[in-house]
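Asker: Quick note: the sequence shown uses the numbering used here, first residue 537, plus one each step.
For each residue, glycine too, the CB sits at the ideal point set by N, CA and C.
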Amino acid sequence: METNKNLPSMPTPPPDVMGDPIALLDCLEKNAGGITEQDSKGTAFLHVVPIGKPRPPVGSHLRHISLGDDVVTHIGQSSLDGAGVYVSAEFGSALRSFAFPHAFESETVELLGE
């Protein structure tokens, strides 16, 4: 597994902490080097840095195995669960959306660069 050396790291929390969401957030806030802030009511927020592949920016060139080359026109979230990320491009007059990163990992779609 490739890791980004610039991101903060920490040992895996103990099992009792992993089983308690509040304790896990406290542990991450104290040990992971995350950025914390508070809203006007004093509620603390922890910003967690995602690991994995960064989404390609709008304007990036991509190639679909059967549709050819085009440019990313939109990056969006799944309307079904809000968790999935989709990359959209127009091939001719047809707009196509691809699950990210799955379509890229399965080599259906290849990112060519910006």
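Using the rule of at least 16 other Cβ atoms within 10 Å of the residue's Cβ for burial, across every protein chain shown, is Val623 buried or exposed?
Answerer: Looking up residue 623 in the sequence shown gives position 87. Burial call: buried.
Asker: Can you give me the C-alpha to C-alpha distance between Leu631 and Ala625, rounded to a whole angstrom?
Answerer: Position 95 of the sequence shown, counted from the start, is the residue given in the question as residue 631. Position 89 of the sequence shown, counted from the start, is the residue given in the question as residue 625. Rounded to the nearest angstrom, the two C-alpha atoms are 6 Å apart.
Asker: Could you check what DSSP says for Ile558 in three-state terms: helix, strand or coil?
Answerer: Against the sequence shown, residue 558 aligns to sequence position 22. Correct three-state label for Ile558: helix.
Asker: What distance in whole Å lies between the Cβ atoms of Phe627 and Val645, which are believed to be in contact at a cut-off of 8 Å?
Answerer: Taking the sequence shown and counting its residues from 1, the one referred to as residue 645 is at position 109. Taking the sequence shown and counting its residues from 1, the one referred to as residue 627 is at position 91. Not quite, the Cβ-Cβ distance comes to about 11 Å (not below 8 Å), so this is no contact.
Asker: Can you tell me whether Leu598 is helix, strand or coil according to DSSP?
Answerer: Along the sequence shown, one-based indexing puts residue 598 at 62. The answer is strand: DSSP assigns Leu598 an E or B state.
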